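Structure record follows, encoded as structure tokens.
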Amino acid sequence: MGGANHSVVSEFVFLGLTNSWEIQLLLFVFSSMFYVASMMGNSLIMLTVTFDPHLHSPMYFLLANLSFIDLGVSSVISPKMIYDLFRKRKVISFGGCITQIFFLHVIGGVEMMLLIAMAFDRHVAICKPLHYLTIINRKMCILLLVAAWVVGLAHSMIQLVFVIKLPFCGPNVLDSFYCDFPRFIKLACTDTFSLEFMVTANSGFISLGSFFILIVSYSFILITVRKHSSRGSSKALSTLSAHIMVVILFFGPCIFVYIWPHPTSCLDKFLAVFDAVLTPFFNSVIYTLRNKEMKVAMSKICSQFIIYRRIS
Numbered sequence: 622m623g624g625a626n627h628s629v630v631s632e633f634v635f636l637g638l639t640n641s642w643e644i645q646l647l648l649f650v651f652s653s654m655f656y657v658a659s660m661m662g663n664s665l666i667m668l669t670v671t672f673d674p675h676l677h678s679p680m681y682f683l684l685a686n687l688s689f690i691d692l693g694v695s696s697v698i699s700p701k702m703i704y705d706l707f708r709k710r711k712v713i714s715f716g717g718c719i720t721q722i723f724f725l726h727v728i729g730g731v732e733m734m735l736l737i738a739m740a741f742d743r744h745v746a747i748c749k750p751l752h753y754l755t756i757i758n759r760k761m762c763i764l765l766l767v768a769a770w771v772v773g774l775a776h777s778m779i780q781l782v783f784v785i786k787l788p789f790c791g792p793n794v795l796d797s798f799y800c801d802f803p804r805f806i807k808l809a810c811t812d813t814f815s816l817e818f819m820v821t822a823n824s825g826f827i828s829l830g831s832f833f834i835l836i837v838s839y840s841f842i843l844i845t846v847r848k849h850s851s852r853g854s855s856k857a858l859s860t861l862s863a864h865i866m867v868v869i870l871f872f873g874p875c876i877f878v879y880i881w882p883h884p885t886s887c888l889d890k891f892l893a894v895f896d897a898v899l900t901p902f903f904n905s906v907i908y909t910l911r912n913k914e915m916k917v918a919m920s921k922i923c924s925q926f927i928i929y930r931r932i933s
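Using this note's numbering, the letters of the sequence shown correspond one by one to residues 622 to 933.
Spelled out as structure tokens, the structure:
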């Protein structure tokens, strides 16, 4: 947080999503409902995978970690956004802005790597089923998880080390409802062209590159599945389609925000709300409604909880 010592600006003012009272009320209800649903859904996935022995497999281990990350995605932006909807002056401290950026990019980097790890898991399970338990063992799962966190931390810190030293002497108004590198850098009292290029290269092209790696991987897996007309093919296709939908939901807004050469404030805000509020909710829904094992396990966990509450 040492960058604050070189800046006159001690806080930033958000313009928010809209000035309309009616739309703010609608957004408050909408965001609150999906935020609570997302927190409950992803928490339930984590609990189900943890306590159901039938789900103690690499695929569900990675899924539980993805749900944990989705809890973070929701919590970094949504609570502050919901709280600010009815405030006339929406402010965040310099340190708070830097902290929000840090966690936003750590979580984003970890989720990218987890989605790649899940694609790798499905590739081995479908293309090399006889070697699956040898390749995707407990040690490999831990290694993939540690690698995801290392990449996420490095992804965030590499950018933040340069940005935190920028001088900010005003203005301090962000046409947004949260802090992120592109608009934050533009407020600095110095030439930031090279830093803006670095952010685009780091966040934008990494997102785009990861997205293409995943699409190519899943395309290869789908071709392999179609060659085999076994009973497991329909189950594999259902699992893969869920994974692909999650990939598109996560990477779509990220690629647009960082790569699109002519950004528009309204569209950026819509995509940010979608990414922060809707994507974590849809992830939990997609992975449960399209997975029979998960639905059965969840119903058992819920039944056990109801019985426990009645006894107690």
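Glycine included, each C-beta is placed from N, C-alpha and C at the ideal position. All of these numbers come straight from a predicted model, not from anything done at the bench.
Helix, strand or coil at residue i [DSSP, three-state]
i	result
residue 629	coil
residue 622	Legend: pLDDT at residue 622 = 43, less than 50; position of this residue unreliable, value from coordinates given subsequently. Coil at residue 622, not helix or strand.
residue 644	helix
residue 787	coil
residue 709	coil
residue 808	coil
residue 891	helix
residue 638	coil
residue 797	coil
residue 714	strand
Beta-carbon proximity check, residue i vs residue j, cutoff 8 Å
i	j	result
residue 718	residue 800	yes
residue 732	residue 774	no
residue 748	residue 679	no
residue 652	residue 898	yes
residue 743	residue 842	yes
residue 816	residue 827	no
residue 658	residue 670	no
residue 864	residue 740	yes
residue 832	residue 868	yes
residue 656	residue 695	yes
Residue i versus the options, residue with shortest Cα-Cα distance
i	options	result
residue 904	781, 645, 692, 676	692
residue 845	887, 927, 746, 783	746
residue 782	769, 837, 802	802
residue 917	629, 674, 695, 644	674
residue 786	811, 925, 768, 766	811
residue 902	848, 700, 654, 887	654
residue 639	913, 890, 922	890
residue 645	703, 794, 772, 714	703
residue 825	729, 838, 914, 848	729
residue 909	871, 756, 665	665
residue 710	913, 757, 794	794
Cβ shell of residue i (< 6 Å), same chain only, five flanking positions each side left out
i	result
residue 636	796
residue 611	The first residue shown for the chain is 622 and the last is 933, placing residue 611 beyond what the model contains.
residue 764	none
residue 698	799, 897
residue 724	697
residue 681	670
Cβ shell of residue i (< 8 Å), same chain only, five flanking positions each side left out
i	result
residue 874	892, 893, 895, 896, 900
residue 823	776, 779, 780
residue 920	none
residue 792	808
Cβ separation of residue i and residue j, assumed to be a contact under 8 Å, to the nearest whole Å
i	j	result
residue 683	residue 735	6 Å
residue 689	residue 667	6 Å
residue 835	residue 928	So it is not a contact: roughly 41 Å between Cβ atoms.
residue 633	residue 712	7 Å
residue 861	residue 839	6 Å
residue 672	residue 932	17 Å between Cβ atoms; not a contact.
Same chain, Cβ closer than 7 Å to residue i, neighbours up to 5 away in sequence not counted
i	result
residue 829	876, 880
residue 820	780, 802, 803, 806
residue 626	Any reading at residue 626 must be qualified, since the residue scores a pLDDT of 43, below 50, and its modelled position is unreliable; no value is offered.
Interface flag, residue i vs chain C, CB-CB below 8 Å
i	result
residue 773	In the structure shown, chain C does not exist; there is a single protein chain.
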